[in-house]
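> Here you go, one structure.
Residue numbers (the UniProt record's numbering): 1 to 319.
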């Protein structure tokens, strides 16, 4: 769900060290579904507007409702997923709860397939999309990355984390893969609609004749992992925090290994309709407030994502 090209990030090697920290979250049972149904236990944050310091920054309609509807692909551990009790947990829900205390509202997470989240935002199914979504120019402008043509209204992003894209394989069976070029002649599983899929398509065009890169796209990352585990794919590409978490937790750490460096670190952003500038600015103010008060850093450390911390939330910082 991140990045958009294969330029290497200088911070890649240091971020690989964060894999160990992600184990702090524990080897929880990961479950998820790709439907558009509403889940139980989905609210994050429960602050009262009477005491919330930034409540007056929100649009009156949302203040009256007392909640922000969040479109999210809740099958992307450790960013958002269901634990063994069915509770929605992860980095994004924890950040949302912290934002809710600043704004005096709850964040109502609603499950959806990743490639349909922006459509749901445009159709007013959601107020925001918060789902490890990379802020990039194509999404800001509503442009299809395959055709370069405008396909819909773009969105604004409230940026809050930096992450790159990684490749992982079955443990001890890397097929000689250490770079994206090594994927030529191999089969790669990805989640549909993510930047991992975009990167795979870009790489496929570079592969020489006779060494085609076969790409299989799935509704969620769990399906891609299952394909790799069964031997139906040679590798999976996903955001580094997700890849590292899978390596640490799947099969007790015996199933997978990350290969090579991260590529193209880019910002995660909360997607907001371009018409909702007041909501966008309120979210940015709340994010900067939790960065300043230290709660943001504690949440990132809890989920092993501290290497991706930003010093300030900006609007549309993606390239």
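Where is the CB? At the ideal position from N, CA and C, for every residue including glycine.
Along the chain, which unbroken stretches of the alpha helix (DSSP H) at least 4 residues long are found entirely within the stretch 173-236?
195-206 and 221-229
> In the DSSP assignment, what residue or residues form a beta bridge with residue 167?
For the purposes of this step, residue 167 is taken as residue 167 along the chain shown, with counting starting at 1. DSSP output for residue 167 lists 237 and 259 as bridge partner(s).
> Could you pull the DSSP bridge partners for residue 69 from this structure?
On the chain shown, residue 69 is found 69 positions in, with the first residue counted as 1. Residue pairing of residue 69 in beta bridges, as defined by DSSP: 108.
> Is the beta carbon of residue 192 sitting closer than 7 Å to the one on residue 115?
As a first step, residue 192 is located in the chain shown; it is residue number 192 there, counting from the start. As a first step, residue 115 is located in the chain shown; it is residue number 115 there, counting from the start. Result yes, Cβ atoms of residue 192 and residue 115 sit closer than 7 Å.
> Tell me which residues share the same chain as residue 208 and place their Cβ nearer than 7 Å to its Cβ, disregarding the 5 neighbours each side in the sequence.
Translated into the one-based positions of the chain shown, residue 208 becomes position 208. Taking C-beta separations shorter than 7 Å and ignoring five residues to either side along the sequence, the partners of residue 208 in its chain run 184, following chain order.
> Counting along the chain, where does the alpha helix (DSSP H) carrying residue 278 start and finish?
As a working note, residue 278 is residue 278 in the chain shown. Start and end: 277-293.
> For the alpha helix (DSSP H) containing residue 137, list its first residue and its last residue.
Taking the chain shown and counting its residues from 1, the one referred to as residue 137 is at position 137. Taken as a continuous stretch (DSSP letters only), the alpha helix (DSSP H) holding residue 137 covers 137-141.
> With H, G and I counted as helix, E and B as strand and the rest as coil, what does DSSP make of residue 93?
As a working mapping, residue 93 is identified with position 93 in the chain shown. If DSSP states are grouped into helix, strand and coil, residue 93 belongs with the helices.
> Would you kindly work out how many angstroms separate the C-alpha atoms of residue 262 and residue 64, rounded to a whole number?
Looking up residue 262 in the chain shown gives position 262. Looking up residue 64 in the chain shown gives position 64. Their Cα atoms are separated by approximately 43 Å.
> Is the stretch 269-281 touching the stretch 125-139 in the sense that three or more CB pairs, one from each, lie closer than 8 Å?
yes
> My output table needs one value for residue 134: the three-state DSSP class, helix, strand or coil.
The count along the chain shown starts at 1 and reaches residue 134 at position 134. Residue 134 falls in the strand class under three-state DSSP.
> Am I right that residue 124 and residue 175 are in contact with their C-beta atoms under 8 Å? What's the rounded C-beta distance?
The residue given as residue 124 occupies position 124 in the chain shown. The residue given as residue 175 occupies position 175 in the chain shown. With a Cβ gap of about 45 Å, residue 124 and residue 175 do not count as contacting.
> List the endpoints of the continuous alpha helix (DSSP H) containing residue 118.
Taking the first residue of the chain shown as 1, we reach residue 118 at position 118. Element bounds for residue 118: 117-122.
> At the level of alpha carbons, what is the spacing between residue 160 and residue 250?
By one-based count along the chain shown, residue 160 stands at place 160. By one-based count along the chain shown, residue 250 stands at place 250. Taking the straight line joining both Cα atoms gives about 27 Å.
> Kindly confirm or deny that the stretch 142-150 and the stretch 162-178 touch, where touching means at least three C-beta pairs closer than 8 Å.
Contact between the stretch 142-150 and the stretch 162-178 is absent, because fewer than three Cβ pairs lie under 8 Å.
> For residue 239 versus residue 163, is the C-beta distance shorter than 7 Å?
Looking up residue 239 in the chain shown gives position 239. Looking up residue 163 in the chain shown gives position 163. Result yes, Cβ atoms of residue 239 and residue 163 sit closer than 7 Å.
> State the Cα-Cα distance for the pair residue 173 and residue 102, rounded to the nearest angstrom.
Reading the chain shown from its first residue, position 173 is the one you call residue 173. Reading the chain shown from its first residue, position 102 is the one you call residue 102. Using only the alpha carbons, I get a separation of about 47 Å.
> Once DSSP output is grouped into helix, strand and coil, what is the label at residue 74?
Position 74 of the chain shown, counting from 1, holds the residue named residue 74. Three-state DSSP puts residue 74 in coil, outside helix and strand.
> Rounded to whole angstroms, what is the Cα-Cα separation between residue 53 and residue 280?
By 1-based counting over the chain shown, the position of residue 53 is 53. By 1-based counting over the chain shown, the position of residue 280 is 280. Roughly 17 Å between the two C-alpha positions.
> Starting from residue 268, follow its DSSP beta bridges and name the residues at the other end.
In the chain shown, residue 268 corresponds to position 268, counting from 1. According to DSSP, which records beta bridges pairwise, residue 268 is partnered with 134 and 161.
> Alpha carbon to alpha carbon, how far is residue 73 from residue 210? Give it in angstroms, no decimals.
One-based indexing of the chain shown puts residue 210 at position 210. One-based indexing of the chain shown puts residue 73 at position 73. Rounded to whole angstroms, residue 210 to residue 73 spans 36 Å at the Cα level.
> Classify residue 51 as buried or exposed, calling it buried when 16 or more other Cβ atoms lie within 10 Å of its own Cβ.
The residue you call residue 51 lines up with position 51 of the chain shown. Burial call: exposed.
> Give me whichever residues DSSP pairs with residue 128 in a beta bridge.
As a position in the chain shown, residue 128 is number 128, starting the count at 1. In DSSP, residue 128 forms a bridge with 70 and 272.
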